[in-house]
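To keep things clear, I will list the structure first and then write my remarks on it.
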Ligand SMILES: *Cc1c(COP(=O)(O)O)cnc(C)c1O
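Residue numbers (the working numbering): 11 to 381.
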């Protein structure tokens, strides 16, 4: 039994003095937002870290995704192929753009969209594919691009989980037309709230700028209809500070994931997602898959850990397609694998600063449960 509650993650924060020192200049400039100095600086630093040619910072990951879809200018009511095994934001971003989500099943091996099932879902109304690098597991980007090229579709990746992941030596944000990252407090890299769109066509920079800043281009000039999705300077500075510790944080996460892996490998009721040898990992999450059994299963394990003050998460259950707001509203597709994963998956706590002792205790509870 843990004395203090253990949650699935804990937000990374730089040393207090360092952040306080870093925000001091704001009391001189009084420039708190509107694409200030730190906004620009973070944009440059992230382009470098993520190894992408173009990037636009946003107020959060969801708005980044909404605007990345909006900037493509799809006709209202068009179809977008996506997956339901994700955070609700992915589906909301499509629907709020007045587009129709067409859910595609995922692969049991890593939870990403099953590329072999995409072509069957394409109709004359299909305009885009919005796949998700779920848990940082990289989609089959080559095959998805081949299909997109064949049918003239855009590809917008929800890369909210894949910050810093490299695939075949390149930043994962180089694939597709755009990739969206989230810097929410719970993500591996955070700016408190924040996000970004990385994209291939440099012309999109100006158009995303208009979408995130009311289309304002001069004191008396508004050129297009836009929202407000700017990142403020306090958040940008938080990002600049956190970025310095990110490689350390990822290493610390990695060693903790290693303990789970080693301890839980021997439990035959538990499986793991398959690693991609061409991709690096950011260790943002440690998902396990628990056998479905009436007597012992994911939900009972979740409850047991909770009784021990360990708060794991059923990411992602239910599927977004099964949520009250979307259920039975869209094209019926066989989602057997997505449903299977959503009933088996449990995300265990991992973050820098989580004591190794706590992880070992958790593993003992889990192993005892299955004995
Ligand atoms: C976190 C997340 C988002 C949304 O990002 P916010 O920064 O929280 O708005 C979108 N998609 C996925 C898969 C996420 O995990």
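Ideal Cβ placement from N, Cα and C applies to all residues, glycine included.
Model, not experiment: these values are computed from the prediction.
Check                                                                                                                    : Outcome
Coil, strand or helix - residue 187 by DSSP                                                                              : coil
Residue span of the alpha helix (DSSP H) that contains residue 164, given as start and end                               : It is not in any alpha helix (DSSP H) - residue 164 instead sits in the beta strand (DSSP E) that spans 164-168.
Between the CA atoms of residue 209 and residue 187 - distance to the nearest angstrom                                   : 6 Å
Local Cβ density within 10 Å of residue 39, reported as buried at 16 or more and exposed below that                      : exposed
Other residues of its chain near residue 43: CB distance less than 7 Å, five sequence neighbours each side excluded      : 240, 242 and 243
Under 8 Å between C-beta atoms of residue 351 and residue 84                                                             : no
Supposed close pair residue 323, residue 293 - CB separation, criterion 8 Å                                              : No, residue 323 and residue 293 are not in contact; Cβ-Cβ is about 16 Å, not under 8 Å.
Under the three-state DSSP convention, the category residue 248 falls into                                               : helix
With 16 other Cβ atoms within 10 Å as the buried cut-off, status of residue 121                                          : buried
Nearest to residue 371 (by Cα), restricted to the options 50, 318 and 75                                                 : 318
Simplified DSSP state of residue 333, which is helix, strand or coil                                                     : coil
Residue 168 CB to nearest heavy atom of ligand 1 below 7 Å                                                               : yes
Rounded Cβ spacing between residue 205 and residue 70 (contact assumed at less than 8 Å)                                 : 5 Å
Among 288, 276 and 223, the one whose alpha carbon lies nearest that of residue 374                                      : 276
Which of helix, strand or coil DSSP assigns to residue 140                                                               : strand
Helix, strand or coil at residue 111 according to DSSP, with G and I counted as helix                                    : strand
Sequence-distant residues of its chain with Cβ nearer than 7 Å to residue 17 (five each side left out)                   : 321 and 359
Rounded Cβ spacing between residue 269 and residue 300 (contact assumed at less than 8 Å)                                : Going by Cβ atoms, the distance from residue 269 to residue 300 rounds to 18 Å, so no, they are not a contact pair.
Whole-angstrom distance between residue 195 and residue 29, CA atom to CA atom                                           : 15 Å
Terminal residues of the alpha helix (DSSP H) in which residue 129 lies                                                  : Segment: none, residue 129 is in no alpha helix (DSSP H) and carries neither H nor E.
Residue 7 - containing alpha helix (DSSP H), residue span                                                                : Past the edges of the chain, shown from 11 to 381, lies residue 7, and the structure says nothing about it.
Span of the beta strand (DSSP E), counted from its first residue to its last, around residue 6                           : No information on residue 6 is available, as it lies outside the stretch 11 to 381 that the chain covers here.
Alpha carbon of residue 21 to alpha carbon of residue 200, nearest angstrom                                              : 8 Å
Unbroken stretches of the alpha helix (DSSP H), 4 residues or longer, contained in the stretch 34-63                     : 35-39 and 47-60
Residue 36: CB within 7 Å of a non-hydrogen atom of ligand 2                                                             : Among the ligands in the structure shown, ligand 2 does not appear; only ligand 1 can be found there.
Cutoff 6 Å; reference residue 198; Cβ partners in own chain excluding five residues on either side                       : 173, 292 and 294
Length of the line joining the Cα atoms of residue 355 and residue 225                                                   : 42 Å
For residue 148, the three-state DSSP class (helix, strand or coil)                                                      : coil
Selection from 272, 133 and 66 that minimises the alpha carbon distance to residue 211                                   : 66
Nonlocal neighbours in the same chain, by C-beta distance under 6 Å from residue 112, ignoring five residues either side : 89, 91, 131 and 341
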